[in-house]
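Report on the structure given below.
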């Protein structure tokens, strides 16, 4: 709900191309005064202008990418207590050490965003056990162990929010990436189990399934003329979705405005049918 012309009513968001020049005041969910951590993927979906940079909360980014380091520097320049760490999220010991370092720098962690992943295509008949294990580690395993590492903080605070990133790929039956789709479908089961187990501690756990979001990687590898035609045919919203649209929804789920939302799987895909 939004305040419009002195009355309370629903406000429809304008198309993404109009967001910057829209005269309406933006609705920014209010984050509680807590620290949050986000393992971010290289050139993928991160919490940018409509997410972390509009919050004054301490933020820790764990990644191996230079763009993430630059983002942390950008957020620091805006007055946010951002903290960058270079961490291999498939190395659970390193992941745990990274969480401990973030806790040392900013205090207890009460919001976790698990958005690191990699959608590399692969041939089922050529897959090795080692490659399968690597894809599960890259896309699913670290989500569980990151949550495990921060849950003591959330239990002590009797509050917390965990947002796990999945994908619409397994829902759409996308081929050529069986290990990826298997790992991303597993995110839903993980999310619901954690929500059930830790709901008594007022910890909310939700999943987001982004659709075809135009990250740098997607634009470079997959947005071909044929891809543009497919988007126009299958997506209800006839435009390209951008990372900030997912970041806004992530911020909402992390905020107190979503205090009754848990154990849910939210699709942000512009209506892919």
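Residue numbers (UniProt numbering): 1 to 273. We treat Cβ as the ideally placed atom computed from N, Cα and C, and that holds for glycine. None of these values were measured; they are calculated from a predicted model.
Residue 160: not part of any alpha helix (DSSP H); member of the beta strand (DSSP E) spanning 160-165, first to last residue. Per DSSP, reduced to three states, the secondary structure at residue 118 is coil, with no helix or strand assignment. DSSP, reduced to helix, strand and coil, places residue 247 within a helical segment of the structure shown. When the Cα atoms are used, residue 232 and residue 270 turn out to be separated by approximately 11 angstroms. Residue pairing for residue 235: DSSP places it in a beta bridge opposite 272. Straight across, the Cα-Cα distance linking residue 113 with residue 253 is about 10 angstroms. Contact between residue 214 and residue 242 is confirmed by a C-beta separation of about 6 angstroms, below the 8 angstroms threshold. Given a length threshold of 4 residues, each whole run of the alpha helix (DSSP H) inside the segment 117-198 is given here in chain order: 129-136, 142-157 and 178-198. By the C-beta density criterion, residue 219 is exposed, having fewer than 16 other C-beta atoms within 10 angstroms. A Cβ-Cβ separation of about 6 angstroms places residue 163 in contact with residue 250 under the 8 angstroms criterion. The alpha-carbon separation between residue 146 and residue 236 amounts to approximately 35 angstroms. For the set 178, 226 and 148, the Cα lying nearest the Cα of residue 123 is the one of 178. Going by DSSP, residue 67 is part of the alpha helix (DSSP H) stretching over 66-77. In this structure, the alpha-carbon of residue 148 lies about 13 angstroms from that of residue 195.
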